[in-house]
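Same order as they appear, the protein sequences are chains A and B.
Reading the first sequence from the start, the letters are residues 6 to 347 in my numbering.
Reading the second sequence from the start, the letters are residues 6 to 347 in my numbering.
By construction, the Cβ of each residue, glycine as well, lies at the ideal position given by its N, Cα and C atoms.
Here is the structure we will look at, set down as structure tokens.
Protein chains: 2
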Amino acid sequence: MHSQKDVTIYDIAEKLNLSPTTVSRGLKDHPAISKKTKKRINDIAAELGYRFNTFASNLRSKRTNTIGVIIPRMNSSFMSAVLAGMEKVANEASYNLIISQSLESAEKEAVNVKTMFNNRVDGLMVSVAYDTVGVSQFEMLLEKGIPLLFFDRTLDHPQCTSIVIDNYKSGYLATQHLIAQGCKNIIHITGNLARNVYADRQRGYESALKDAGIQADPNNTFINVLDEQAGIDCAQKILKMNPLPDGVFVDNDTCAVNCMAILMNNGIKIPEDIAFIGFNNDPISRVIRPALSTINYPGFEMGEIAAHKLIAHLNGQQSINSTNSIILRSELIARDSSKRIK
Amino acid sequence: MHSQKDVTIYDIAEKLNLSPTTVSRGLKDHPAISKKTKKRINDIAAELGYRFNTFASNLRSKRTNTIGVIIPRMNSSFMSAVLAGMEKVANEASYNLIISQSLESAEKEAVNVKTMFNNRVDGLMVSVAYDTVGVSQFEMLLEKGIPLLFFDRTLDHPQCTSIVIDNYKSGYLATQHLIAQGCKNIIHITGNLARNVYADRQRGYESALKDAGIQADPNNTFINVLDEQAGIDCAQKILKMNPLPDGVFVDNDTCAVNCMAILMNNGIKIPEDIAFIGFNNDPISRVIRPALSTINYPGFEMGEIAAHKLIAHLNGQQSINSTNSIILRSELIARDSSKRIK
DNA sequence: AATAATTATGCAACCGGTTGCATAATTATG
DNA sequence: CATAATTATGCAACCGGTTGCATAATTATT
């Protein structure tokens, strides 16, 4: 239960008749220290069970080499890929990542920002919660010159870069694809239109309809939180429609497959009666039958690029303020859930 | 880009003609400071934009109020639930969580342990990687008296408590269920048998077979990493068997649904030809058709209990060493993928 | 061998809260 | 009103690396 007194660089210095300065530099592989001395230092450090004190270091140097990440949830394969990409880049540049979830709550998100702020992260990467309003909760960071970067779900701010896919184009492509399969009465299931991702896809949806000479019906846009239950609820709502829609574009695969499952239970044939297309290319889209058409989202790259960009800024190589946004490529994957034309 | 000089308690002290000591105590709501003074301190702190310096505090007080968590991956609904449970309890006790992924690699896990160690976590909760061997990488923690707790995928150590479900019983129940549905030739798809979870389920599987008078065939146990690809590979392997098995018990829903999908593509009827049962009750198990029978795993509670236990130890309320393991209830959920008897 | 150039090491102040103990200020008690 | 008891505040050392600048040690140059 009780811990020994910690070994410090002073203990090592004493053992070797060196100054703490030299020990500190030796451990950090400083070029001014001779190889011989470095070896002696490292050997003794290992022998005594020395461990580096991050707090003393951070306190003095005023740098933490830590980057904060705040995301809505981490239990999606997309987010998991983003994090993996970030971690890879951060690791290579010897930065640590502190990750926290807002669980889609603006309130919790604000608390997380504050915690990150107190933990003195060098920079912060955020994908905002479902109901976040305004950017005021981030101002304290910017006032202190802590760089802030948004990815996927972004906010508009003159000092922040955003990393996104072209959601407008993706929404357009998905809708156009359904139209090409003969759909004329298409539902769009989306989220809070205050979020760029959903607003842009909705715009894409509307443009595609318009370009095909179809009048967009506001009642055909369903707004909800896009989780499992929402998918089920949407299915119930669709079953009550008359006439039934002949195509559904859902902004999230999880929601889409749950919706499909209920409809199929009720005797509706997919894609013959209703064609479906989702979003994200989650693993589930490949397993369900019929396999779900979807938009592929480059999560890993998004994470890599976000982390690269932020670290380049921190290292003074390239300011984050010069860029407005970086747009990654996304692509449509057509599978059986939408293929009506053989 | 450039940050102002930070506001410290010294600045506040000067403004109010107080000592830094009083300011420090005032901010911490110390009982010896009068209400009036506390208010003055907090007002000025807010006005100047003071932020607490965690490093200075941690350095001096030698406590971080931070708990480390190392998990194989966070992109499963089970792990996400565990983390949510941990975070809830930790928050309430004003502890922070640092979460990192081993990505199933023992090597990365060891690096993570070291980082946590250097970051001076007050305690550590671990679910070990697929191929972790031995406990030596954790010894440095125990030597310093840093409490270590395992959950789900555990290691045996006299000083560590484990939080688990009864994997033996779960494996027994799953197998027994398939037998009750008329299966006689049952495959068990499992993971590295050095991991308690897989070894225990395998024992349960064997016992259930034995109790039903069925001879366990070693060739009927498939060992792999239980991911999507593994599910596909297992399906190929099963298709080549003669006779085909009539039941499959998979230790993970993701792997199970991928395996099922391939078999169904090849004309095999589920559950008529082969009955399936998975493990974890992932959302996917409810969406796939036929819906996948599975074992429900209390992730959120597991997280809560683990965090509670560790924090009680840290607060000196209940030593972790007195407990060997805590076993949570799990349950079988029978769905269409295994129901052959109407 | 003397001096310059280079390499290696040390000094001492610093980062900003925290804490045991002492002291000042206020209130209660006789 | 004096003294005890209680409450509020301050002193000064401390936690353990870091860094600008000075100095010592070694190697190169003439």
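Taking 8 Å as the limit between beta carbons, can you name the residues of its chain near residue i, skipping five residues before and five after?
i	result
Ser-324 (chain A)	His-318
Leu-198 (chain A)	Ala-204, Gln-207 and Ile-228
Glu-233 (chain A)	Thr-259, Cys-260 and Asn-263
Arg-30 (chain B)	Ala-37 and Ile-38
Asn-47 (chain B)	Gly-31 and Leu-32
Ala-18 (chain A)	Ser-24, Pro-25, Thr-27 and Val-28
Gln-241 (chain B)	Ile-267
Residues of chain B with a CB under 8 Å from the CB of residue i: which are they?
i	result
Leu-64 (chain A)	Asn-58, Phe-60, Ala-61 and Leu-64
Met-382 (chain A)	For chain A, the structure presents residues 6 to 347; residue 382 (chain A) sits outside this window and is missing.
Please compile the residues from chain A whose C-beta is within a distance smaller than 8 Å of the C-beta of residue i.
i	result
Asn-271 (chain B)	Neighbours of Asn-271 (chain B) on chain A: none; closest Cβ ~13 Å, over 8 Å.
Verify the contact flag: residue i, CB atom, against every heavy atom of the ligand GTP, threshold strictly below 7 Å.
i	result
Gln-241 (chain B)	What this structure holds is no ligand at all, so the ligand GTP is not there to describe.
Once you ignore the five residues that flank residue i on each side, which residues in its own chain have a CB closer than 6 Å to its CB?
i	result
His-7 (chain B)	Below a pLDDT of 50, predicted positions are generally treated as unreliable, and His-7 (chain B), at 40, falls in that range; the measurement from the model is reported next regardless. Around His-7 (chain B): no qualifying Cβ.
Arg-125 (chain A)	Thr-69
Glu-211 (chain A)	Ala-221
Leu-73 (chain B)	The sequence shown places Gly at residue 73 (chain B), rather than the Leu named in the question. Within the same chain, Gly-73 (chain B) has close Cβ partners Ile-103, Met-121, Val-126 and Leu-129.
Asp-287 (chain A)	Ser-82 and Asp-258
His-193 (chain A)	Tyr-210, Thr-226 and Phe-254
Lys-10 (chain B)	none
Gln-142 (chain B)	Ala-115 and Val-118
Ala-213 (chain A)	Tyr-177, Thr-180 and Gln-181
If contacts are defined as beta-carbon pairs under 8 Å, then residue i and residue j qualify, I think. What distance do you get, rounded to the angstrom?
i	j	result
Gly-252 (chain A)	Leu-183 (chain A)	4 Å
Pro-77 (chain B)	Tyr-135 (chain B)	7 Å
Thr-42 (chain B)	Thr-26 (chain B)	That belief does not hold up - the Cβ atoms of Thr-42 (chain B) and Thr-26 (chain B) are roughly 12 Å apart, past 8 Å.
Phe-293 (chain A)	Ile-170 (chain B)	Correcting the residue identity first, residue 293 (chain A) is Ile in this sequence and not Phe. Not a contact, Cβ separation roughly 28 Å.
Leu-64 (chain B)	Phe-57 (chain A)	Contact flag wrong, Cβ pair sits at about 13 Å.
Val-131 (chain A)	Ile-168 (chain A)	Contact doesn't hold; Cβ gap of about 11 Å is too wide.
Asn-96 (chain A)	Asn-80 (chain B)	The pair is not a contact, with the Cβ atoms about 18 Å apart (cut-off 8 Å).
Gln-201 (chain A)	Asn-172 (chain A)	First, the residue type needs correcting, since residue 201 (chain A) is Asn and not Gln in the sequence shown. Sure, about 7 Å apart at Cβ, within 8 Å.
Going along chain A in order, which residues have a C-beta closer than 7 Å to the C-beta of residue i?
i	result
Asn-263 (chain B)	Val-292
Ile-76 (chain B)	Residues of chain A passing the Cβ test: none, with the nearest at roughly 11 Å.
Pro-303 (chain B)	Under the 7 Å cutoff, chain A gives no residues; its nearest Cβ is about 16 Å from Pro-303 (chain B).
Can you name the residues of chain B whose CB is closer than 9 Å to the CB of residue i?
i	result
Ala-266 (chain A)	Arg-291, Val-292, Ile-293, Arg-294 and Ala-296
Pro-276 (chain A)	Result: empty, since nearest Cβ-Cβ is about 16 Å, beyond 9 Å.
Note down, in chain order, each residue of its chain lying with its Cβ closer than 7 Å to the Cβ of residue i, except the 5 sequence neighbours on either side.
i	result
Ala-261 (chain B)	Gly-236, Val-255, Phe-281, Gly-283 and Leu-297
Thr-328 (chain A)	Thr-166
Ser-343 (chain A)	His-182, Leu-183, Gln-186, Pro-276, Ala-280, Phe-281, Ile-282 and Ser-298
Ala-98 (chain B)	Ile-316
Asn-301 (chain B)	Asn-286, Ser-335, Glu-336 and Ile-338
Ile-92 (chain B)	The sequence shown places Glu at residue 92 (chain B), rather than the Ile named in the question. These residues qualify, in order along the chain: Leu-102.
Ser-175 (chain A)	Arg-206, Gly-209, Ile-300 and Ser-335
Tyr-55 (chain B)	Val-12 and Ile-17
Residue i versus chain B: which residues are under 7 Å apart at the beta carbon?
i	result
Ile-103 (chain A)	Ile-103
Pro-248 (chain A)	Ordered by position in chain B, no residue passes the 7 Å Cβ test against Pro-248 (chain A), which lies about 26 Å from the chain.
>> If the cut-off is 7 Å on Cβ atoms, which residues from the region 215-237 of chain B count as contacting chain A, listed in chain order?
In response: Cβ contacts with chain A come from Glu-233.
> Within the chosen definition, does the region 276-284 of chain A reach the region 329-347 of chain A through at least 3 CB pairs nearer than 8 Å?
Replying inline: They touch, by the three-pair rule.
> How about the region 45-62 of chain A and the region 256-268 of chain A: do they share at least three Cβ pairs that are nearer than 8 Å?
Replying inline: Under the Cβ criterion (8 Å, minimum of three pairs), the region 45-62 of chain A does not count as touching the region 256-268 of chain A.
> Mind listing which residues of the region 108-127 of chain A have their C-beta closer than 8 Å to chain B's C-betas, in chain order?
Replying inline: For the region 108-127 of chain A, which is checked against every Cβ of chain B, the residues closer than 8 Å are Leu-108, Thr-120, Phe-122, Asn-123, Asn-124 and Arg-125.
> In chain order, what residues of the region 329-342 of chain B put their CB closer than 9 Å to some CB of chain A?
Replying inline: So the list is empty, because no residue satisfies the distance condition.
>> Beta carbons nearer than 9 Å to chain B: which residues of the region 23-55 of chain A have them?
In response: Per Cβ criterion, the list reads Gly-54.
>> For the region 151-171 of chain B, list every residue whose C-beta sits within 7 Å of some C-beta in chain A, in sequence order.
In response: Listed in sequence order: no entries.
> Any chance the region 130-148 of chain A sits against the region 103-113 of chain A, with 3 or more Cβ pairs inside 8 Å?
Replying inline: Judged by Cβ distances under 8 Å, the region 130-148 of chain A makes contact with the region 103-113 of chain A, as three or more pairs qualify.
>> Using a Cβ distance threshold of 8 Å, determine whether the region 84-93 of chain A contacts the region 304-322 of chain A, with at least three qualifying pairs required.
In response: Because the criterion of three Cβ pairs below 8 Å is met, the region 84-93 of chain A and the region 304-322 of chain A touch.
> Touching or not, the region 178-194 of chain A and the region 150-163 of chain A, by the rule of three or more beta carbon pairs under 8 Å?
Replying inline: In this structure the region 178-194 of chain A does not touch the region 150-163 of chain A; the number of beta carbon pairs closer than 8 Å is below three.
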